[in-house]
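Numbering (the numbering used here), first residue to last: 247 to 511.
Below, the structure is given as structure tokens:
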């Protein structure tokens with residue numbers, strides 16, 4: 247009597263999962279082989295009514311499953327390979343310790359259930375299409391440096407995406423701080439002011455804001471010296487008064503503190 251397959255479980259999935267075939271006349275470990283697509287697999291367990299085996303790698307799409315018992319083939323049952331997700335890019339790819347939502351682009355996102363950001367944590371995505379999802383990265387804890395790049399890994403029914411390097415990383419930035427200004431007093435247009443602090447990395451702007459409120463004015467001729475130091479010129483349009491010098495990078499804008507004051511006289 248030829249072996250008969252009545253069901254397989256799962257009916258869709260990816261390599262590495264365990265499939266169970268249920269039926270009759272399915273033989274034993276010494277007599278049974280399983281065919282899935284063009285691959286032949288040795289079962290891990292086999293009895294007259296049940297066979298289990300690891301699903302081998304296969305192409306995306308349908309593959310027929312059959313059992314061969316002592317050279318006799320069973321009927322076939324359809325299995326659908328679901329491709330593992332791939333990540334190709336992120337927008338934006340940088341942000342503060344507690345970021346807002348980002349868009350992840352790639353393939354195989356239709357069944358995405360989670361997105362991991364290395365050891366920082368995981369988040370549940372909103373699937374927008376098979377090639378795009380939206381997700382809010384988990385908040386970063388204390389920084390050991392000024393930045394931390396995390397591989398963005400997507401998991402779905404087809405498996406888990408592989409790291410691809412910089413294009414698939416989200417980089418967290420620590421908030422910059424200003425700890426000193428030298429000199430901290432002078433006329434509008436003063437040149438060569440040195441601002442000291444931390445995490446002056448990828449600085450996008452430095453501004454002078456009146457203490458107590460008012461419109462901010464961009465600093466002039468900003469030049470980075472190191473991660474903890476930069477030079478600038480005081481805008482020539484500033485009125486007499488005290489100003490907070492604040493530094494902005496992808497991690498945010500430094501807090502207004504007494505140490506960042508410059509007094510225009």
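A virtual CB, placed ideally from N, CA and C, is assigned to each residue, including glycine.
When the distance is taken between beta carbons, is residue 295 closer than 8 Å to residue 278? No, the pair does not count as a contact, with Cβ atoms beyond the cut-off.
When you compare only the Cα positions, how much space is there between residue 202 and residue 455? A query on residue 202 cannot be resolved here, the shown segment of the chain reaching from 247 to 511 and no further.
Figure out for me which residue from 493, 451, 263 has the closest Cα to the Cα of residue 329. Minimum Cα distance to residue 329 is reached at 263.
When you compare each of 354, 490, 433, 434 to residue 441 by their alpha carbons, which one comes out closest? Nearest in C-alpha terms to residue 441, of all of 354, 490, 433, 434, is 490.
Coil, strand or helix - residue 324 by DSSP: Strand at residue 324.
Can you give me the C-alpha to C-alpha distance between residue 431 and residue 391, rounded to a whole angstrom? If you take the alpha carbons of residue 431 and residue 391, they lie about 31 Å apart.
Can you check whether the CB of residue 381 is closer than 8 Å to the CB of residue 506? At least 8 Å separates the beta-carbon of residue 506 from that of residue 381.
Can you give me the C-alpha to C-alpha distance between residue 499 and residue 407, rounded to a whole angstrom? Their backbone Cα atoms lie some 34 Å apart in a straight line.
Own chain residues within Cβ distance below 7 Å of residue 524, not counting five before or after: Since the displayed the chain opens at 247 and closes at 511, residue 524 lies outside it and no answer follows.
Roughly how many angstroms lie between the CA atoms of residue 495 and residue 451, to the nearest whole one? Rounded to whole angstroms, residue 495 to residue 451 spans 7 Å at the Cα level.
Pair within 8 Å by beta-carbon distance, residue 492 and residue 504: The answer is no: Cβ separation not under 8 Å.
By the DSSP assignment, the beta strand (DSSP E) with residue 416 in it spans what residues? Looking at the DSSP string, the run of the beta strand (DSSP E) that includes residue 416 is 415–419.
Counting Cβ pairs closer than 8 Å, one from the region 318–338 and one from the region 396–404, do we hit at least three? Counting C-beta pairs closer than 8 Å gives three or more between the region 318–338 and the region 396–404, which meets the contact rule.
Close Cβ partners of residue 326 (< 6 Å) along its chain, the five nearest in sequence each way excluded: Excluding residues within five positions, the ones whose Cβ falls inside 6 Å are 258, 308.
For residue 299, list the residues DSSP reports as bridge partners. According to DSSP, which records beta bridges pairwise, residue 299 is partnered with 265.
Answer yes or no: do residue 363 and residue 338 have a C-beta to C-beta separation smaller than 8 Å? Their beta carbons are not under 8 Å apart, which means residue 363 does not touch residue 338 by this criterion.
Compare the C-alpha of residue 268 against each of 249, 301, 260, 282 and name the closest. For residue 268, the closest alpha carbon among the candidates 249, 301, 260, 282 is that of 249.
Can you check whether the CB of residue 446 is closer than 8 Å to the CB of residue 476? It is a contact, given that the beta carbons lie within the stated cut-off.
Closest residue to residue 461 among 355, 368, 488 (Cα-Cα distance): Of 355, 368, 488, the residue nearest in Cα terms is 488.
Report all residues from its chain with a CB closer than 7 Å to the CB of residue 195; omit the five preceding and five following residues, and keep chain order. Because residue 195 is not part of the residues shown, which for the chain are 247 to 511, the question remains open.
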